[in-house]
Amino acid sequence: MENAKLRAKSITKSFESDRGERTLVIDGISMDIAEKEMVAVLGPSGCGKSTLMKILCGIQSATSGSVELDGVDYGRELPRSILRKFGFVFQGDNLLQWRTAEGNLRFILETMHLKGPQWRKRVDEMLEIVGLLQYRKVYPHELSGGMKQRVGIARALVHNPEILLMDQPFGALDAITRRMLTFETLNIWKETQKTIIMITNNVEEALLLASRVFIFSPLPARVLHEVAIDIPYEKRDGDVVSTPRFLELKKHLNELVRSTMAGGERS
Ligand SMILES: Nc1ncnc2c1ncn2[C@@H]1O[C@H](COP(=O)(O)OP(=O)(O)O)[C@@H](O)[C@H]1O
Ligand SMILES: [Mg+2]
């Protein structure tokens with residue numbers, strides 16, 4: 003791919019235990035994400051997905067390989083100053099309980115020293131985007147799980163990052179809320195034009211959101227399959243899940259995931 007927004011180049015990562023034993027967690031991952039693209043990563047639990055995310059945004063350094071952002075190769079570790087180009091949504095909401103919805107968004111702006119009326123306005127705009135403007139003065143304990151996660155999405159966007167990293171963001175939600183937030187994510191992506199990487203354990207979620215799906219192997223993580231999802235975004239709505247192409251891709255991805263868990267071969 004030419005002009006990738008973000009590129010992982012032969013990333014490996016190993017952790018050393020207290021007793022000096024090394025465990026390889028990521029085994030030579032290369033992947034490209036284009037500007038404004040949304041991709042999904044599917045992989046078994048504990049295979050190294052979150053670790054790769056942390057390397058891609060510079061929270062952790064790679065053992066070898068390099069990360070390229072906007073055409074600049076930063077080697078094994080992105081500089082800390084680049085962290086603000088990223089927004090994060092994690093499983094569980096991680097909201098500050100003693101701050102209101104808008105207070106949680108403001109907290110990010112405060113830590114990043116982003117002041118002024120344009121940023122105050124942005125807090126309202128982002129709460130509006132996730133449909134929670136009227137709840138801005140409400141504390142997390144008064145919100146449902148889905149609403150909390152929406153505050154989490156608004157918070158991830160408030161400093162206007164270029165890339166959104168979503169690490170199993172809807173994993174703790176019930177199926178209906180999860181589906182609703184999947185479509186909201188689609189709308190937010192269309193509206194904000196962010197580059198998005200979404201880790202998920204849900205094949206349908208990946209199919210609804212991603213232009214490409216990367217399937218990782220069990221530990222240590224490798225890219226076993228990369229599947230292009232050729233369903234146009236304008237067709238991705240509540241009805242698409244029962245179309246022949248969607249069902250075909252779903253079957254295909256499920257088979258790949260199953261063979262991956264069974265120690266499948268590289269394709
Ligand atoms: N800081 C760390 N130190 C040592 N081992 C770690 C650390 N972070 C993750 N691991 C190990 O790396 C493996 C992959 O973890 P992780 O990236 O969280 O997996 P996933 O997100 O795919 O579930 C796990 O075996 C985990 O125990
Ligand atoms: Mg994880």
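Under our numbering, the first residue of the sequence shown is numbered 3, with each subsequent residue one higher.
Even for Gly, the Cβ is constructed at its ideal location relative to N, Cα and C.
Quantities reported herein were computed from a predicted structural model and do not represent experimental measurements.
Of the listed residues the options, nearest to residue i (C-alpha basis)
i	options	result
residue 52	245, 200, 192	200
residue 125	145, 114, 150, 161	161
residue 1	25, 40, 58	Here the chain has residues from 3 to 269 only, and residue 1 is not among them.
residue 143	251, 103, 73	103
residue 238	185, 255, 262	185
residue 246	77, 138, 233	233
residue 181	106, 193, 152, 131	152
residue 43	206, 242, 264, 236	206
residue 218	121, 64, 264	264
residue 176	203, 147, 250	147
residue 214	36, 192, 244	36
residue 158	119, 117, 149, 107	107
residue 1	256, 216, 195	Beyond the ends of the chain as shown, which are 3 and 269, falls residue 1; an answer cannot be given.
residue 164	72, 249, 130	72
residue 133	123, 119, 139, 149	149
residue 89	75, 123, 111, 100	111
residue 75	122, 10, 261	10
residue 40	212, 244, 241	212
residue 12	5, 23, 38, 58	58
Residue i in three-state terms, based on DSSP
i	result
residue 221	coil
residue 57	helix
residue 114	coil
residue 158	helix
residue 84	helix
residue 215	strand
Proximity below 8 Å, CB of residue i to CB of residue j
i	j	result
residue 27	residue 19	no
residue 82	residue 60	yes
residue 220	residue 29	no
residue 78	residue 114	no
residue 167	residue 188	no
residue 197	residue 7	yes
residue 231	residue 251	yes
residue 54	residue 31	yes
residue 145	residue 208	no
residue 178	residue 131	no
For residue i, the first and last residue of its enclosing beta strand (DSSP E)
i	result
residue 71	66 to 71
residue 174	Neither: residue 174 is in no beta strand (DSSP E) and is coded neither H nor E.
residue 16	6 to 18
residue 259	Segment 246 to 263 is the alpha helix (DSSP H) holding residue 259; no beta strand (DSSP E) there.
residue 30	24 to 36
residue 199	197 to 202
Close-in-space but distant-in-sequence residues of the same chain around residue i (CB under 7 Å, 5 per side omitted)
i	result
residue 269	Note that residue 269 scores 45 on pLDDT, short of 50, meaning its location in the model is unreliable and no value can be drawn from it.
residue 93	169, 170, 171, 173, 174
residue 266	Low confidence applies to residue 266: its pLDDT is 48, below 50, so where it sits in the model is not reliable, and the reading given next is rough at best. Excluding positions up to five away in sequence, the list reads 226.
residue 65	14, 15, 16
residue 3	34, 36
residue 259	44, 205, 217
residue 109	98, 101
8 Å Cβ shell around residue i - same chain, five flanking residues per side excluded
i	result
residue 105	98
residue 154	91, 92, 95, 96, 97, 171
residue 135	126, 129
residue 192	235
Residue range of the alpha helix (DSSP H) that includes residue i
i	result
residue 301	Outside the shown range of the chain, which is 3 to 269, sits residue 301, and nothing can be said about it.
residue 77	Looking at the DSSP string, residue 77 is not in any alpha helix (DSSP H), and its letter there is neither H nor E.
residue 122	119 to 131
residue 205	205 to 211
Cβ-based neighbour list, residue i, same chain, cut-off 6 Å, excluding 5 preceding and 5 following
i	result
residue 62	56
residue 80	60, 69
residue 141	102
residue 224	29
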